[in-house]
Every structure is written in C-alpha cells, then in structure tokens.
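Counting in our numbering, the sequence shown runs from 7 upward without gaps.
Cβ coordinates follow ideal geometry from the N, Cα and C atoms, glycine included.
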Amino acid sequence: MQGFLIRRFWLLRQRLISSTASALVLPIIVFLTLSIGMNNIIMETMGNISYKEWVYPGLIILINTIFITPIIFRDFYFLRLESRTLITLSLSPLSKFQIVSFLIFSAIMEGLVLSMISIFILSYLMEISIGLVSFFYIIIAISLFSLIIANALAT
C-alpha cells in the first residue's frame with residue numbers, strides 16, 4: 007500500500023502546476039456558476055437553513071468527483087491503452103484485486119487532499135464557518151462517495 011501512495015505522490019509532483027491550478031481555480035468556477043447563480047432563485051430551504059450552508063457539501067462532493075475522474079481514468083484506461091503501467095503492476099506478487107483496491111484507495115487519498123483545498127477555499131468564498139463535527143462528516147461523506155465513484159469508473 008505504501009508503494010502505491012508513494013507512486014501517487016510522484017505522479018502528483020510531475021503534474022504539480024496543473025493540479026495546483028485546478029485545485030485553486032475549480033472551486034472558484036463552481037462557486038461562481040452554481041452558488042451565485044442559484045442564490046437568488048432559492049432564498050431559503052426547508053428547515054430555514056441558508057442556501058450557502060445547504061449547498062456547501064454538495065459543491066465539495068461535485069468538486070471531488072471532478073478531481074477523481076481523471077485520476078481513475080489515467081490509472082485504469084489511459085495507461086492501459088499505452089501498455090505502460092498495468093502490465094508492470096500485474097507482474098508484482100499482489101493479486102489483481104489488491105492492485106485495483108490499492109489504486110482506488112490511493113486515488114481516493116489524492117482526491118481527498120485536493121478536496122481539502124476546495125473545502126477551505128469555498129468556506130472562505132461562501133463565508134461559512136463549519137464546526138469540527140461537520141467538517142469530519144463532510145470528509146467521511148467525500149470518502150464514501152469517492153469510493154462509490156471510483157468503483158463505478160473502475161468496473
């Protein structure tokens with residue numbers, strides 16, 4: 007498992023500028039398109055929760071899905087088309103199930119790190135203060151949803 011996380015870190019270092027730029031710009035674009043545009047249409051939700059607090063977890067999950075899709079596509083499809091990574095990984099003593107599980111887990115970890123940046127950017131833009139329990143709940147929800155998306159994309 008540690009080797010897959012190190013591999014993910016090396017891949018992140020290779021595309022550091024594009025990953026950093028997308029992690030900084032994507033939350034701003036999603037905020038401008040969804041939050042500001044819909045803010046005037048939906049004034050208050052059921053339970054009298056403000057629209058910004060109501061839409062915040064959904065925006066984070068949407069951004070995480072956008073982050074994790076190219077990671078999974080690169081690991082499972084693009085490199086297989088070029089016959090580079092999966093052949094060398096299949097020569098390892100791990101079973102195919104373990105290889106796929108470790109690739110998915112490392113992709114979820116990278117998506118989670120990039121989503122953490124989005125969490126802080128969106129909380130600043132939306133002027134929302136999140137409690138510690140809510141923050142951990144959002145992290146758990148992102149992890150579970152990422153697992154579902156990664157499994158759906160990998161199969």
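Out of the options, point me to the one whose CA is closest to residue i's CA.
i, options, result
"phenylalanine 82", "Ala113, Ser98 and Leu120", "Ala113"
"asparagine 157", "Phe126, Tyr130 and Phe111", "Phe111"
"methionine 33", "Met132, Ile105, Ile148 and Arg21", "It should be pointed out that residue 33 corresponds to proline in this sequence rather than to methionine. Checking every option, the nearest Cα to that of proline 33 belongs to Met132."
"alanine 29", "Val139, Ser149, Ser152 and Ile123", "Ile123"
"tyrosine 57", "Ile66, Ile67, Leu68 and Met44", "Met44"
"isoleucine 35", "Val139, Trp60 and Ile66", "Ile66"
"serine 25", "Gly137, Leu138, Tyr62 and Leu120", "Leu120"
"isoleucine 154", "Leu17, Ile136, Gly137 and Thr75", "Thr75"
"alanine 147", "Pro99, Tyr130, Gly64 and Leu17", "Gly64"
"serine 41", "Met52, Tyr62 and Gln8", "Tyr62"
"serine 149", "Ser140, Pro99, Leu138 and Leu118", "Leu118"
"isoleucine 69", "Leu128, Ser101, Phe141 and Gly137", "Leu128"
"glutamine 8", "Met52, Ile105, Thr161 and Leu138", "Ile105"
"alanine 27", "Phe73, Ile55, Ser152 and Thr39", "Phe73"
"leucine 17", "Asn46, Arg80 and Leu38", "Arg80"
Using 7 Å as the threshold, is the C-beta distance between residue i and residue j below it?
i, j, result
"arginine 14", "glutamate 116", "yes"
"phenylalanine 108", "phenylalanine 10", "yes"
"leucine 159", "isoleucine 78", "yes"
"isoleucine 125", "glutamate 59", "no"
The alpha helix (DSSP H) spanning residue i covers which residue range?
i, result
"proline 33", "22-36"
"serine 152", "138-160"
"isoleucine 123", "102-131"
Taking 6 Å as the cut-off, does the CB of residue i come closer than this to any heavy atom belonging to the ligand GTP?
i, result
"leucine 138", "The ligand GTP is absent from the structure shown, which contains no ligands of any kind."
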